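In the numbering used here, the protein residues as written are 2 to 379.
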């Protein structure tokens, strides 16, 4: 009877316990699979308030690929625990309606952002116009002249935000830094871009470069939804600044999300390299919260397997070493065939054939005898 009572009590209270479990927002914002089946995923975890969650144990992360449990190795650590450079690219809005406070607060936000950068991180800043117009590119914290940011003026060019982001994507994907981030500060308005939003979405989904955006309202909020969608498609995050004064704080919040993300290194065995796209799902389940995030990745098929590349390098090194030894051996053999061993003239220290009764260098070139020091004998 007692056991029956406990069972009924648990049954009645379980819905309330489940309902109290909060939902985590999990995003796999970037995947590096160029050395597949070794792969790295960068995962951000936020609570219901949109705040990054840190300190999660590695065992709480579970991975599925194409709806199947991961077969292989998985290691998890928080991004801030190890030193790894980040390449940041920031796009500012400087069209005519941004004159005054809207542009001033954007510039202030970028200058404060530079103060938080690490020495090995790089930053490129562009303005949104007919294209992405560079203010400066690929500069470290110590080499940035903030005067370049303060000198940004409003422009009469139309804000072609889709074209600007597409141009930046092409530049960013060529960089060697593994961790790459694009940040857009804008009201989301686009005027007469050559690329459509669908084309931009396709490029973002394929390139695996997250776009984090800070939305600001100047005339209207009509374009903010597009800005939000761009971040969602690229697995980045969208933060809305209700006031212009809050833009610097929102940009700092973007950096916090990135630095408090998690790095998951994989050695995948259940999906072969096939140059096709697959779906990865990362889930986190705690006692009082849970969530999951998904992203597609390309199982890159290398021209040669990694083990074969290593073997070829080893064989090439051995081959070169054998050739060098053979050359030395042949040279020694040739000298021996000529009757030249280690015999030297005691006066001029030149090598002599064993069959020579006298040193021709001393007899016929007496000047050489004086210019050379005799070999020291003990």
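Ideal Cβ placement from N, Cα and C applies to all residues, glycine included.
Note that the structure is predicted; figures quoted are calculated from it, not measured.
Chain E contact for residue i (CB, 7 Å cutoff)
i, result
"residue 150", "Annotation note: the requested chain E is absent from the structure, which comprises a single protein chain."
Alpha-carbon to alpha-carbon, residue j and residue i
i, j, result
"residue 360", "residue 346", "6 Å"
"residue 227", "residue 153", "25 Å"
"residue 244", "residue 106", "10 Å"
"residue 208", "residue 70", "25 Å"
"residue 25", "residue 172", "33 Å"
"residue 151", "residue 108", "7 Å"
"residue 143", "residue 33", "28 Å"
"residue 317", "residue 334", "26 Å"
"residue 247", "residue 262", "23 Å"
"residue 378", "residue 121", "The predicted model places residue 378 with a pLDDT of 49, which falls under 50 and marks its position as unreliable, so this point remains unresolved."
"residue 233", "residue 148", "33 Å"
"residue 323", "residue 276", "38 Å"
"residue 23", "residue 158", "46 Å"
"residue 201", "residue 163", "7 Å"
"residue 205", "residue 132", "17 Å"
"residue 7", "residue 282", "Residue placement at residue 7 is poorly supported in this model, since its pLDDT is 47, which falls under 50; the coordinates still yield a value, given next. The alpha-carbon atoms of residue 7 and residue 282 are separated by roughly 37 Å."
"residue 193", "residue 230", "19 Å"
"residue 199", "residue 320", "53 Å"
"residue 271", "residue 299", "14 Å"
"residue 18", "residue 103", "Only weak support is given to the placement of residue 18: the predicted model assigns it a pLDDT of 46, under 50, and the value that follows is read from those uncertain coordinates. Taking the straight line from one Cα to the other gives about 46 Å."
"residue 254", "residue 180", "18 Å"
"residue 241", "residue 191", "18 Å"
"residue 31", "residue 80", "13 Å"
"residue 238", "residue 225", "13 Å"
"residue 175", "residue 169", "10 Å"
"residue 357", "residue 332", "21 Å"
"residue 12", "residue 65", "Low confidence applies to residue 12: its pLDDT is 48, below 50, so where it sits in the model is not reliable enough to give any reading."
"residue 59", "residue 203", "32 Å"
Where the beta strand (DSSP E) through residue i begins and ends
i, result
"residue 141", "133 to 141"
"residue 39", "39 to 47"
"residue 74", "73 to 79"
"residue 365", "No beta strand (DSSP E) contains residue 365, which is instead part of the alpha helix (DSSP H) from 361 to 365."
"residue 92", "87 to 94"
"residue 246", "Segment: none, residue 246 is in no beta strand (DSSP E) and carries neither H nor E."
"residue 84", "Where residue 84 is concerned, there is no enclosing beta strand (DSSP E), given that its DSSP letter is neither H nor E."
"residue 126", "123 to 129"
"residue 352", "352 to 354"
"residue 62", "62 to 66"
Residue i, enclosing alpha helix (DSSP H) - first and last residue
i, result
"residue 167", "162 to 173"
"residue 239", "Element bounds for residue 239: not the alpha helix (DSSP H) but the beta strand (DSSP E), 239 to 242."
"residue 111", "102 to 117"
"residue 31", "That residue, residue 31, is in no alpha helix (DSSP H); its beta strand (DSSP E) goes 26 to 33."
"residue 150", "148 to 151"
Pair within 7 Å by beta-carbon distance, residue i and residue j
i, j, result
"residue 279", "residue 67", "yes"
"residue 73", "residue 268", "yes"
"residue 274", "residue 302", "yes"
"residue 236", "residue 50", "no"
"residue 439", "residue 78", "Since the displayed the chain opens at 2 and closes at 379, residue 439 lies outside it and no answer follows."
"residue 55", "residue 95", "no"
"residue 41", "residue 260", "no"
"residue 110", "residue 249", "yes"
"residue 258", "residue 76", "no"
"residue 350", "residue 362", "no"
"residue 47", "residue 53", "yes"
"residue 167", "residue 137", "no"
"residue 145", "residue 98", "no"
What are the start and end residues of each continuous beta strand (DSSP E) run of 3 or more residues lying completely inside the region 254 to 292, in chain order?
263 to 269, 278 to 286
The region 76 to 91 / the region 120 to 127 touching (three or more Cβ pairs under 8 Å):
yes
Would you be able to state if there are at least three C-beta pairs under 8 Å between the region 80 to 88 and the region 285 to 298?
no
Counting Cβ pairs, one atom from each stretch, are 3 or more of them under 8 Å apart for the region 184 to 191 and the region 212 to 224?
yes
If contact is defined by three or more beta carbon pairs under 8 Å, each pair taking one atom from either stretch, is the region 219 to 238 in contact with the region 312 to 332?
no
Taking only runs of the alpha helix (DSSP H) that begin and end inside the region 169 to 231, which ones reach a length of at least 4 residues, in chain order?
198 to 208
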